[in-house]
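Shown next, in structure tokens, is the structure this report addresses.
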RNA sequence: CGGGACGUGGCGCAGCUUGGUAGCGCGCAUCGUUCGGGACGAUGAGGUCGACGGUUCAAAUCCGUCCGUCCCGACCA
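In the numbering used here, the protein residues as written are 357 to 923.
Pasting the structure below:
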């Protein structure tokens, strides 16, 4: 491709308000343009990279036995009603009515549709199966952000495995795990795999692949010592023990005028330090009120709560709901004597005595609380958020908590979809059994952006060779010079004949402009051809990643470049 | 969904307080001089000032409504 004929609209100014480097660079270097919130056009450079990312994924999934499908983007609502997800995922679903008035959903994912196709499986002899497609997904995210990292329309490779039993699922799951590791490696990213919450997906076990990044929206707790890694949505850590005073204590109400927070009570005369208070939260879990108790200095992790009590929707109760239930405002709440709603207490409160908590009367607290004696705990749970530096549950070393981009997510679904959608086969004994499923997702454009987050410098993008839009850029220093044009075209033709993807920068620009643009768009290898070099029979080869240049005899340029690319 | 900000040539912005019919930088076109790390000069093209409504002799500017985009938070496979 000759640059003078290519559409590569590079910009000198950063786009306004771009907070993620990858977004800034992809826009400036002419890869993408925004059409509306969370919806992007791929320009030629972007589409070349996107295609390469998809091909890498395709290769790796094919390599573990995947069969490629293409399922539709429009789904009849009824199918989603059957699994209940038209309810549970309602807030992110894009939908419309066709001209007949039928409800159509633009697929946010494809479990239901693959499961529908799979009802044609009839025998255990047909299993295992591994099906996938690479298709556009629509998710009406409340807040798209960070360019390609969080969008409303995107491409995803999602695969689905079908097995006769758990053992088969485990095998397919492990194969996907390895395939994903290879994919991320080829995309130039180091990932940490973490235990995750499966959220609205149903099923039980899931693993997320996380790329550490300041613009990531998830948080990972990771122990460098033993390798423990979990999304903070499921992570645990060791609780620093607190010594309670010896002896039996009676419940004792006392006035605490104007005390409304844990911190207030800490400094109040006769109060208690945060770790000797019981924090009482009122939550609405799938429509029902419940109390959630934590140690005063601990923070609730909502997803952990949802997982513990198997709730789909959780929200803090509103002020009026709280007063109606407990008779006091937030700030004076306690669980002592409460019997009419479930009480979920965090494990860190177990065995604690002489604690202080609200008395369910405004401006009154109660001390001397023995948690197990005085509170009717329905269920002990682990719902505490993990913080950086706390001891690892596995080995005791301090864990680090850092933000990360979720690059891929794999799930063991079990029979969550097979049951309602009737995916059943006859087993060896002629018995009808539900098929055991897994699902495995990886977002194409998000991974493009994540790769840029991981591979850039102050000059621009530094693509790994496998996904670079072009392998080589030939920068002609004087395109108007006949010899330069002839020599650079010769090199270009020779490389192209060898299957190398080359961009010939024949634009009539000053060299500085062309060098800067080449670096900005991130082409891995640059060949500089100009009259000065031709006179002494050489061209210059520069590696983008290191910036290192070497002068090579014109006759050896093609071989030298191919060596570089192969390395 | 709550809070905040913004919307003016392709891109980045000023002008709005105090109404008088639009300007700067970059980019773009032509010509010339340049040319191994973002050149310079001359000439030129390009704008329903987000939309609709109102006030006014007159609206980018004042008022109202709506739409859009971004940021913080909530939410989120």
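By construction, the Cβ of each residue, glycine as well, lies at the ideal position given by its N, Cα and C atoms. Remember, it's a predicted structure, so these values are computed and weren't measured experimentally.
Close Cβ partners of residue i (< 8 Å) along its chain, the five nearest in sequence each way excluded
i, result
"residue 886", "832, 833, 834, 837, 840 and 867"
"residue 858", "357, 826, 827, 828, 829, 830, 848, 851 and 852"
"residue 594", "746, 747, 748, 749 and 752"
"residue 362", "400 and 859"
"residue 431", "460, 461, 462, 463, 468 and 469"
Whether residue i touches residue j by CB criterion (8 Å)
i, j, result
"residue 750", "residue 582", "yes"
"residue 807", "residue 483", "no"
"residue 730", "residue 692", "yes"
"residue 649", "residue 684", "no"
"residue 510", "residue 741", "no"
"residue 504", "residue 788", "no"
"residue 427", "residue 489", "yes"
"residue 762", "residue 589", "no"
"residue 716", "residue 690", "yes"
"residue 407", "residue 877", "no"
"residue 410", "residue 800", "yes"
"residue 376", "residue 575", "no"
"residue 748", "residue 639", "no"
"residue 468", "residue 439", "yes"
"residue 737", "residue 625", "no"
"residue 617", "residue 687", "yes"
"residue 435", "residue 451", "no"
"residue 705", "residue 671", "no"
"residue 500", "residue 374", "no"
"residue 611", "residue 757", "no"
"residue 553", "residue 659", "yes"
"residue 645", "residue 675", "no"
"residue 550", "residue 587", "yes"
"residue 818", "residue 901", "yes"
"residue 573", "residue 506", "yes"
"residue 810", "residue 545", "yes"
"residue 636", "residue 714", "yes"
"residue 360", "residue 863", "yes"
Sequence-distant residues of the same chain with beta carbon closer than 7 Å to residue i, five excluded per side
i, result
"residue 629", "622"
"residue 416", "535, 538 and 539"
"residue 525", "517, 519, 768, 792 and 794"
"residue 821", "827, 880 and 921"
"residue 470", "427, 487 and 516"
"residue 816", "381, 385, 875, 876, 877 and 878"
"residue 889", "895 and 896"
"residue 529", "766, 768 and 794"
"residue 653", "630 and 631"
"residue 522", "792"
"residue 370", "380 and 384"
Nearest-angstrom Cβ-Cβ length linking residue i and residue j, presumed shorter than 8 Å
i, j, result
"residue 537", "residue 823", "About 17 Å separates the two Cβ atoms, so there is no contact after all."
"residue 329", "residue 766", "Absent from the model: residue 329. The displayed extent of the chain is 357 to 923, so no value can be given."
"residue 755", "residue 746", "6 Å"
"residue 936", "residue 914", "Any answer about residue 936 is impossible in this case: the structure gives the chain only from 357 up to 923."
"residue 425", "residue 464", "17 Å between Cβ atoms; not a contact."
"residue 475", "residue 778", "6 Å"
"residue 631", "residue 598", "5 Å"
"residue 667", "residue 641", "4 Å"
"residue 600", "residue 708", "6 Å"
"residue 725", "residue 615", "About 16 Å; that fails the 8 Å criterion."
"residue 313", "residue 389", "Here the chain has residues from 357 to 923 only, and residue 313 is not among them."
"residue 459", "residue 433", "4 Å"
"residue 514", "residue 448", "Not a contact, Cβ separation roughly 16 Å."
DSSP beta-bridge partners of residue i
i, result
"residue 624", "Paired residues: none, contrary to the question."
"residue 397", "389"
"residue 799", "512"
"residue 438", "Partner(s): none; residue 438 has no beta bridge."
"residue 493", "510"
"residue 905", "898"
"residue 379", "The partner list for residue 379 (beta bridge, DSSP) is empty, contrary to what the question assumes."
"residue 432", "460"
Neighbourhood of residue i by C-beta distance below 6 Å, restricted to the same chain and skipping five residues each side
i, result
"residue 735", "700"
"residue 932", "An answer regarding residue 932 cannot be provided, because it is not within the stretch 357 to 923 covered by the chain."
"residue 477", "781"
"residue 883", "830, 895 and 897"
- Go through the stretch 702–785 residue by residue and report every complete run of the alpha helix (DSSP H) that reaches 4 residues or more, in order. 727–730 and 774–777
- alpha helix (DSSP H) runs contained entirely in the stretch 495–539, provided each spans 4 or more residues: none
- Sequence ranges, alpha helix (DSSP H) only - wholly within the stretch 611–659, length at least 4: 618–623
- Task: Entirely within the stretch 543–591 and at least 4 residues each: give me those alpha helix (DSSP H) ranges in chain order.
- Result: none
- Message: At 4 residues or longer, what runs of the alpha helix (DSSP H) sit wholly inside the stretch 817–895?
- Response: Counting only runs of 4 or more, we get 838–853, 867–877 and 887–891.
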